[in-house]
Structure formats: structure tokens, C-alpha cells
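Novice:
Numbering (the numbering used here), first residue to last: 8 to 391.
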């Protein structure tokens, strides 16, 4: 037996969290419309690899009824991990033995299976939100850049770090955390960039140092995707002209002087212009008082610096919100209250072991030998 809510659900943002919510609602016969600023599903690249965790991302996909589709897009062997010192010494080389609980997929492929699972017309593209306002009695107006507006009695902000829905609930704004990534790609790596390809190996590689770090994944199609992390103030990056790709790469590479050439090749041999990704976060423990008819999920609710959990948590938020609405078809406020209470707790208790998260990049402890010791201790503790 299916049920419907008294008011159609309006979701802002067709990222992984918003789409997971729409999918779970669809399974329960609850109509929803997703408004997305991008003009089409293929308007831009959808990012690199995501490791989807058993305790959140995979749970969400199970609730969405998409476990088989998810397994079909897993990239085999990508849970391999290497830890290198700055001189290129390999301190840890773990193959993917198939027993890990964090299979890797391309973000774009994951988004595709979610989109394909929704009825045609669920997502409305090219709907950039210009503002939102409360109308009273639990109803809201959403204004779009094209001049159109919609009103709704159930509004969900799944619109990321710079959410246009968040101000309805909270005055909090993201703040720069002091670290940024510079993204690069190396194509046909085994033949055109063999030294870098060997350093990265078959899965994930990290090379840490105080204030600096290089992460890289081997994606599909013999592509290396690198994240070059630097702990620098925002104005330092503002002084780098990223529209001049070669000059920007050279400037970033100078910060890694003395590092092994197979590592700096992930910067200097990039086949694409570098892309700056500044890291912002909402205040720790961000939450709000219940406001009838509106809520948030994913980064809109609990943005943090990258810790390996953002996409996973967003999907679980979406799935759990959909489940709560289905469980309370005649009481939206009961559903939103139950969802938010669980979400606040869940987002505050994220268990991670990620290089830059365990030892902050700007810490003197952020070295490969120290990280190796911490990793081995973490493994030992995990085995009990």
C-alpha cells in the first residue's frame, strides 16, 4: 500500500542526496520535484571517485532499491592503497583483496543510476534559485533566476555548501578552513605518465607532509585524478591566476620543491587546467530549531572539510528523510522532527580514517611515517 503526503515535496538540488531522497519517495508513492541549477545532467564533469561505505552510502542505496545497480558500476581493484614519503619511498602498499567495505565508483555513474531510477520529469533542469522566503503557516516561496516562482509546504534544501534554503532555518554561513585542493588529471597514464602511474598504483595513493599533501586515485580509462592539498590562506590562492593553467601549475609545484619527481609529476604533467577547490565548513555541531515545512540535508546541513563522508552522509540523509516521510504520511512535522534529530546525531559522530582528517594537513604530525603508525594502530584497534 502506498501513501502520499498532503503537499508535494520540493527538493532544491539534484546532487546525490537530493536524488536519493527523490528515489526513496518514489518507491513509497510520494510525489516530488527536484529543481537543479545545472542546465542538463551532462553540463559539467561530476567529480572523481567516491568510496561508498557500508554504514551509510551503501545503506542509503539499499533503502533506494539500487544495490544491484550500484554493484554493477563498482571499479574493481580501486580499494588498493599506497602511502609514500615525499622522497618517493613506499611505506605502505595494500592491494585490493576484495574484502574492503568501501568500493569505489565514479560519482557521475552513481548520479546516473539515481537519475535513471526516477520518473521522467522529476528533475527540472536549469532552475537556478535566486531566493527563498517564508509565506507563513509552513509554506514557502522559491524564486528562480528566470523569474519563475513556486510555492510549497514541504521544502528540502539539498543544494550544498552555499544553500539558498539554509537561511530559512539558520544564519550560519560556511567559513574557509585554511586548506584547499588543486585538482589535476593525467590521461593515458601508463603510457604517457609512467612514473606517476607507478607511484599511484592501482587504487589510492597519499603522500603527506606538514602543510602539504598529494592524494591521487586511478580512475577508469587509465586516468589519474590528483588532489594537491595546501594549507594556505585564501589570499595566497587569490594571488595565483588559475586562468593561466601552466603558470598556475608551476606556482603550485614550487611549494613541493624537493619532492620526488614521480609525485610532482601529478602537478606538472597535468593534462587539464588546474581547478581550485577551496574548503569551507559550517560551525561544528551546526543545528537549528524546528521550522515547519522545511529542512536540509547533506552539505547544506552539515558541511565539513573533506573527510571521506560527505557524499555518503548526504545519501543517507536523503534516504532517511524519505523513509521518515513515508512513515508519517499524515504528519510532516513528526517526520521532519524524527529525521532532524537522527541527522544531527549522525553528522556529529562521523567515524573516519582519512589522511588529512586524522592528522590535520597543517600539523607537524602530518608526515608519512607518523601516518603509517597511526594507520596500523587504527587497524589493530579495529580488529579488537
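From the three backbone atoms N, C-alpha and C, an ideal C-beta is built for every residue, glycine too.
Could you have a look at residue 324 and say whether DSSP puts it in helix, strand or coil?
Specialist: Along the chain shown, read from residue 1 onward, the residue named residue 324 stands at position 317. Residue 324 falls in the helix class under three-state DSSP.
Novice: Can you tell me whether residue 372 is buried or exposed? The criterion is at least 16 other CB atoms within 10 Å of its CB, across all chains shown.
Specialist: Mapped onto the chain shown, residue 372 falls at position 365. That one is exposed.
Novice: Residue ranges of each alpha helix (DSSP H) run of no fewer than 4 residues wholly in the region 262-342, ordered along the chain?
Specialist: Listed in chain order, the complete alpha helix (DSSP H) runs (minimum 4 residues) inside the region 262-342 are 268-275, 306-309, 317-334.
Novice: Pick out whichever of 193, 322, 324 has its Cα sitting closest to the Cα of residue 279.
Specialist: By 1-based counting over the chain shown, the position of residue 279 is 272. Among 193, 322, 324, the Cα nearest to that of residue 279 belongs to 193.
Novice: Decide yes or no for the touch test of the region 291-300 against the region 170-188: beta carbon pairs closer than 8 Å, at least 3 of them.
Specialist: With the cut-off at 8 Å, the region 291-300 and the region 170-188 touch.
Novice: Measure the C-alpha to C-alpha separation of residue 339 and residue 253 and round it to an integer number of angstroms.
Specialist: Numbered from 1 along the chain shown, position 332 holds the residue referred to as residue 339. Numbered from 1 along the chain shown, position 246 holds the residue referred to as residue 253. Rounded to the nearest angstrom, the two C-alpha atoms are 53 Å apart.
Novice: Quick check on the DSSP output: what are the complete alpha helix (DSSP H) runs of length 4 or more inside the region 153-217, in order along the chain?
Specialist: Listed in chain order, they are 196-199, 201-207.
Novice: In whole angstroms, give me the CA-to-CA distance for residue 361 and residue 315.
Specialist: Counting from one through the chain shown, the residue named residue 361 turns up at place 354. Counting from one through the chain shown, the residue named residue 315 turns up at place 308. Reliability of the predicted coordinates at residue 361 is poor, the pLDDT of 44 falling under 50, and the value obtained from them is presented with this limitation in mind. Approximately 7 Å between the Cα atoms of the pair.
Novice: According to DSSP, which residues form a beta bridge with residue 18?
Specialist: Within the chain shown, residue 18 is the residue found at index 11, counting from 1. According to DSSP, residue 18 bridges with 41, 163.
Novice: Would a C-beta distance cut-off of 8 Å place residue 233 and residue 221 closer than the cut-off?
Specialist: Here the question's residue 233 lines up with position 226 in the chain shown. Here the question's residue 221 lines up with position 214 in the chain shown. In contact: residue 233 and residue 221 (Cβ atoms closer than 8 Å).
Novice: Determine the direct distance from the alpha carbon of residue 137 to that of residue 301, and round the result to whole angstroms.
Specialist: As a first step, residue 301 must be located in the chain shown, where it is residue number 294. As a first step, residue 137 must be located in the chain shown, where it is residue number 130. Going by the C-alpha atoms only, they are around 17 Å apart.
Novice: Tell me the residue span of the beta strand (DSSP E) that contains residue 222.
Specialist: Residue numbering aside, residue 222 sits at position 215 when the chain shown is read from its first letter. Its beta strand (DSSP E) spans residues 219-226.
Novice: Can you tell me whether residue 25 is buried or exposed, with buried defined as 16 or more other CB within 10 angstroms of its CB?
Specialist: In the chain shown, residue 25 corresponds to position 18, counting from 1. Buried.
Novice: In chain order, what residues of the same chain lie with their CB nearer than 6 Å to the CB of residue 46, ignoring the 5 residues before and after it?
Specialist: As a first step, residue 46 is located in the chain shown; it is residue number 39 there, counting from the start. Taken in chain order, the residues that qualify are 132, 133.
Novice: What does a CB cutoff of less than 6 Å around residue 27 pick up in its chain, not counting 5 residues either side in sequence?
Specialist: Counting from 1 along the chain shown, the entry for residue 27 is found at position 20. Here the set comprises 67, 71, 322, 325, 326.
Novice: By the three-class DSSP mapping on this structure, what secondary structure does residue 151 have?
Specialist: In the chain shown, the residue the question calls residue 151 occupies position 144. Strand at residue 151.
Novice: Would residue 29 and residue 44 qualify as a contact pair, given that the criterion is a beta-carbon distance under 8 Å?
Specialist: Here residue 29 refers to the residue found at position 22 when the chain shown is read from its first residue. Here residue 44 refers to the residue found at position 37 when the chain shown is read from its first residue. No, the pair does not count as a contact, with Cβ atoms beyond the cut-off.
Novice: Between which residues of its own chain and residue 306 is the CB-CB distance below 7 Å, once the five residues before and five after are set aside?
Specialist: Indexing the chain shown from 1 puts residue 306 at position 299. Here the set comprises 167, 168, 317, 321.
Novice: Look at residue 91 and residue 270 and say whether their C-beta atoms are less than 8 Å apart.
Specialist: Counted from its first residue, the chain shown places residue 91 at position 84. Counted from its first residue, the chain shown places residue 270 at position 263. For residue 91 and residue 270, yes; Cβs fall inside 8 Å.
Novice: Assuming residue 151 contacts residue 158 (C-beta within less than 8 Å), just tell me the rounded distance between them.
Specialist: Translated into the one-based positions of the chain shown, residue 151 becomes position 144. Translated into the one-based positions of the chain shown, residue 158 becomes position 151. With 8 Å as the limit, residue 151 and residue 158 do not qualify as a contact, their Cβ atoms being about 12 Å apart.
Novice: Let me check understanding here. Comparing Cα to Cα, which of 109, 215, 125 lies closest to residue 35?
Specialist: Counting from one through the chain shown, the residue named residue 35 turns up at place 28. The shortest C-alpha separation from residue 35 is found at 125.
Novice: Check this for me: beta carbons of residue 281 and residue 303, under 8 Å apart or not?
Specialist: Numbered from its first residue, the chain shown carries residue 281 at position 274. Numbered from its first residue, the chain shown carries residue 303 at position 296. No; because the gap between Cβ atoms is not below 8 Å, this pair is not in contact.
Novice: Going by C-alpha to C-alpha distance, which of 337, 48, 268 sits closest to residue 120?
Specialist: Here residue 120 refers to the residue found at position 113 when the chain shown is read from its first residue. Among 337, 48, 268, the Cα nearest to that of residue 120 is on 48.
Novice: At which residue ranges does the region 94-148 contain complete beta strand (DSSP E) runs of 3 or more residues, listed in the order of the chain?
Specialist: If we require 3 residues or more, the beta strand (DSSP E) runs fully inside the region 94-148 come out as 97-101, 111-113, 136-143.
Novice: Alpha carbon to alpha carbon, what distance is there between residue 335 and residue 348?
Specialist: As a position in the chain shown, residue 348 is number 341, starting the count at 1. As a position in the chain shown, residue 335 is number 328, starting the count at 1. Each residue's Cα considered, the two are about 15 Å apart.
Novice: Check whether the Cβ atoms of residue 289 and residue 309 lie closer than 8 Å to each other.
Specialist: By 1-based counting over the chain shown, the position of residue 289 is 282. By 1-based counting over the chain shown, the position of residue 309 is 302. Taking 8 Å as the Cβ cut-off, residue 289 and residue 309 qualify as a contacting pair.
Novice: Are residue 207 and residue 17 touching if we call contact CB-CB under 8 Å?
Specialist: Within the chain shown, residue 207 is the residue found at index 200, counting from 1. Within the chain shown, residue 17 is the residue found at index 10, counting from 1. Result no, Cβ atoms of residue 207 and residue 17 do not sit closer than 8 Å.
Novice: Thinking residue 189 and residue 259 are a contact (beta carbons under 8 Å), I'd like their distance in whole angstroms, please.
Specialist: Position 182 of the chain shown holds residue 189. Position 252 of the chain shown holds residue 259. About 5 Å separates the two Cβ atoms, so the contact holds.
Novice: By the 10 Å Cβ neighbour count, where 16 or more other Cβ atoms means buried, how is residue 198 classified, buried or exposed?
Specialist: Looking up residue 198 in the chain shown gives position 191. With fewer than 16 other Cβ atoms within 10 Å, it is exposed.
Novice: For residue 149, is the classification buried or exposed, using 16 other Cβ atoms within 10 angstroms of its Cβ as the cut-off for buried?
Specialist: Residue mapping note: residue 149 aligns to position 142 of the chain shown, counting from 1. So residue 149 counts as buried.
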